[in-house]
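Colleague:
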Amino acid sequence: MGQRERWIIFLVGALMGVGVLWVVQTNSQPKRDAKRQVREGLNLPGMMYDFAVTSKGFYGHYVLWESVETRPDGAKVRSIVTGGRRHYEASGREMAQEYLLIRETYAAGTALAEPGPVTDYTFQFADRIALKLKPGHQAAEVKLPSGDFAQPVAGKPDEALLALKRWREPLEKTPWAELPKVLAALRADPAVASAELISIDWKKEAEIIRANSGQK
């Protein structure tokens, strides 16, 4: 076989390889896009779902603040604040950190430790408050002493969102224990009908993860 024939065979093989790669790439791209959309639609870091599904308590250096309340029946409710899921712009730049308020319920007599078991979990954004406005009022009327002010929700004139950005600075001194007072102050505002931390349906999101992982 001459040099010319070997060169032709090489080119044909290379072209076939490129063709196979193109077909694989074309067929797998929709799957990758679908998985990316699922990831972007989740509100919690992956490990949070693992802890909640296995009924474990969340402990460690990621906990920024913690308090414990004992109910009349002896059950204990542990409230913690920790960092949320990281999000990135299309350019790859990391967006501002989110913060979560997690409440874990332990049955009476259960030690407050990672093994648990935790009988109930609730997740909320610790730095994001949903507002319902009274008729005739606008989001711009609602402002905190920290300088944070409400933003209108597009297409919903009676709703607003207030992000606690200045209030939580500097982070090492954020008064997370004062969140109930912040909510109470907002509820007392003449323009506000209701103020609530935004809840996260972790069970629904965990089911989405399961459905897209191929697990039964």
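According to the numbering used here, the sequence shown is numbered sequentially starting from 82. All C-beta atoms, glycine included, are put in the ideal place defined by N, C-alpha and C.
Enumerated in chain order, which unbroken segments of the beta strand (DSSP E) with a length of 3 residues or greater are wholly contained in the region 184–235?
Modeller: The qualifying runs are 201–214, 232–234.
Colleague: By Cβ distance below 6 Å, which residues in the same chain neighbour Leu267 in space, the five residues on each side in sequence not counted?
Modeller: For Leu267, where only same-chain residues beyond five positions count, the Cβ hits under 6 Å are Val273, Ala276.
Colleague: Output needed for Ser23: all residues of its chain with C-beta closer than 8 Å, excluding positions within five of it in sequence on either side, in chain order.
Modeller: With the chain covering only 82 through 297, there is no way to say anything about residue 23.
Colleague: Between Met128, Thr163, Tyr140, which has its C-alpha nearest Glu253's C-alpha?
Modeller: Checking every option, the nearest Cα to that of Glu253 belongs to Thr163.
Colleague: Can you give me the C-alpha to C-alpha distance between Met129 and Ile161, rounded to a whole angstrom?
Modeller: If I take the Cα positions, the gap works out to 13 Å.
Colleague: Distance check for Gly197 and Thr191, CA to CA, integer angstroms please.
Modeller: Thr191 and Gly197: Cα-Cα distance of roughly 7 Å.
Colleague: Using 10 angstroms around the beta-carbon of Glu199, count the other beta-carbons present and answer buried if the total reaches 16, otherwise exposed.
Modeller: Looking at the sequence itself, residue 199 is Val, so the reference to Glu does not match. Looking at its Cβ environment, which holds 16 or more other Cβ atoms inside 10 Å, Val199 is buried.
Colleague: Please name the residue, chosen from Val263, Leu243, Leu125, Ala133, that lies closest to Leu181 on a Cα-to-Cα basis.
Modeller: The option with the nearest alpha carbon to Leu181 is Leu125.
Colleague: Cβ of Arg159 within 7 Å of Cβ of Val144?
Modeller: Not a contact, by the Cβ cut-off of 7 Å.
Colleague: Would DSSP call Gly127 helix, strand or coil?
Modeller: Correct three-state label for Gly127: helix.
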